[in-house]
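A short worksheet on the structure shown next.
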Amino acid sequence: MKIQESAENYLEAILMIQREKGNCRSIDVAQFLGFSKPSVSRAMSLLRENGYVVMDNIGLLTLTESGREIAERIFERHQLLTEWLIRLGVSPETAQADACRIEHVISVESFDHIKKHISQTD
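At position 114 of the sequence shown (counting the first as 1) the number is 114 in our numbering, and the numbers step up by one without a gap.
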């Protein structure tokens, strides 16, 4: 399923915050991404409507199975592409920024081949 890049970024942010802190609220996402609380609230509403996130009665966000699948896919792409670009000699800052853009547009086929190539050169 193809979703918008912004939704992928929100899902990835939730995953990363949960891994770091154990739980996640909308305010954590706003601070992590540097977005306003109203913008994040609207995004969380859309993610809930589309079945990617649930929010409990105290405001904790949980990724649904489909939301977690997307978040983990994007996170894996981000990590692998960043590391690969750094190995190629790209500065960590540029590698991080470029990986963030590439992770949303690269095909499954291309990513799988990059991943395979990297594992063969380790």
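Every residue, glycine too, gets a C-beta built ideally from N, C-alpha and C. These numbers were taken from a predicted model, which means no experiment stands behind them.
Discussion item. Considering only the alpha carbon of each residue, which of Glu12, Ser6 and Ile3 lies closest to Arg68?
Written reply: Glu12
Worksheet entry | Coil, strand or helix - Val54 by DSSP | In the structure shown, Val54 adopts extended strand secondary structure according to DSSP, grouped into three states.
Item to complete: Tell me whether Thr82 is buried or exposed, calling it buried when 16 or more other Cβ atoms sit within 10 Å of its Cβ.
Response: buried
Discussion item. In this structure, how does DSSP classify Thr82 when only helix, strand and coil are distinguished?
Written reply: Helix at Thr82.
Practice prompt. Ignore the nearest five residues each way along the sequence and tell me which others in Val40's own chain have a CB closer than 6 angstroms to its CB.
Written response: Ser26, Val29 and Ala30
Discussion item. Measuring CB atoms only, is the stretch 58 to 76 touching the stretch 7 to 23, in the sense that at least three cross pairs come out at less than 8 angstroms?
Written reply: Contact between the stretch 58 to 76 and the stretch 7 to 23 is present: 3 or more CB-CB pairs across the two stretches fall below 8 angstroms.
Discussion item. Is the beta carbon of Ser66 closer than 7 angstroms to that of Tyr52?
Written reply: For Tyr52 and Ser66, yes; Cβs fall inside 7 angstroms.
Discussion item. For His104, which residues in the same chain have their Cβ closer than 7 angstroms to its Cβ, ignoring the five residues on either side in sequence?
Written reply: Glu5 and Glu8
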